[in-house]
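Numbering (the numbering used here), first residue to last: 2 to 270.
Backbone N, C-alpha and C define an ideal beta-carbon position, used for all residues, glycine too.
Keep in mind it's a predicted model, so treat the numbers as computed, not measured.
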């Protein structure tokens with residue numbers, strides 16, 4: 002018997018075909034009857050669980066779960082239920098729903114299933130840009146520079162003038178040349194060492210200045226008192242210090258004699 006088994010093994014090895022191993026019996030798939038399905042549903046209902054078959058949309062479901070970084074499917078279902086929770090909707094049979102497969106439905110699906118948009122949606126809900134505020138602050142510096150000291154009344158008046166200028170000229174149309182093309186201007190940035198292009202707008206007209214001058218003149222004529230007298234600044238007034246040093250500058254010729262440049266000793270020798 003042993004010799005016969007050895008002959009069979011030798012024949013299989015010489016023929017080049019691997020020895021066939023017996024197939025392992027697969028675990029039979031459990032098939033529930035109608036009574037078994039009913040019992041399973043009742044069991045899930047008691048545990049407050051449910052099973053939903055979403056069919057071909059399962060790939061999109063997995064994509065959404067991955068983009069939201071949720072580990073389990075119940076977490077995603079709970080998240081969607083909380084997001085979509087609202088008061089009971091009033092029945093309106095005349096309301097038209099978005100047809101399935103229409104252009105609007107496809108566009109909405111692309112937005113909702115966009116991974117990049119879903120990843121940044123939490124930031125978009127709380128993010129507020131400050132570009133317009135920074136632009137207005139830079140516009141104030143045109144009327145009230147940091148290198149100058151102003152009293153409260155003067156600074157307030159200059160800020161109001163900056164606000165009038167900003168609001169009046171903020172939405173100016175773009176400048177169009179003779180050929181009907183939009184004019185552009187290139188700007189060089191020293192830090193990034195690259196050029197950028199900006200759209201040129203129409204020239205400012207300052208149309209509010211005549212009306213402002215008229216109101217100032219009417220206010221002056223109708224006022225009972227006179228203009229305030231100019232007073233000298235006290236020694237302890239912060240405006241006397243100014244943004245620069247209080248030390249008087251030395252003569253330029255003296256600075257030329259005392260200041261040494263880099264490599265000056267080598268040049269002298």
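| Check | Outcome |
| --- | --- |
| Per-residue DSSP class, three states only, for residue 113 | helix |
| Buried/exposed call for residue 236, threshold 16 Cβ in 10 Å | exposed |
| DSSP three-state assignment for residue 202, whether helix, strand or coil | strand |
| Stretch-stretch touch, CB-based, cutoff 8 Å, three pairs: the segment 64-80 with the segment 107-120 | yes |
| Simplified DSSP state of residue 79, which is helix, strand or coil | helix |
| Member of 99, 106, 36, 152 whose CA lies at the smallest distance from the CA of residue 234 | 152 |
| Residue 144 versus 134, 166, 37, 221, residue with shortest Cα-Cα distance | 166 |
| Distance CB(residue 173)-CB(residue 202) smaller than 8 Å | yes |
| Status (buried if at least 16 other CB within 10 Å, exposed otherwise) for residue 58 | exposed |
| Continuous beta strand (DSSP E) assignments of at least 3 residues falling wholly in the segment 124-205 | 185-190, 195-200 |
| Straight-line Cα distance separating residue 142 from residue 150 | 12 Å |
| Within 8 Å, strictly: CB atoms of residue 169 and residue 208 | yes |
| Residue from 171, 223, 225 whose Cα sits closest to the Cα of residue 205 | 171 |
| Spatial distance of residue 219 from residue 210 (CA atoms) | 14 Å |
| 7 Å CB neighbourhood of residue 191 in its chain, flanking five on each side removed | none |
| Residues near residue 79 by beta carbon distance below 8 Å, same chain, minus five either side | none |
| Residue 133 versus residue 164 - alpha carbon distance | 13 Å |
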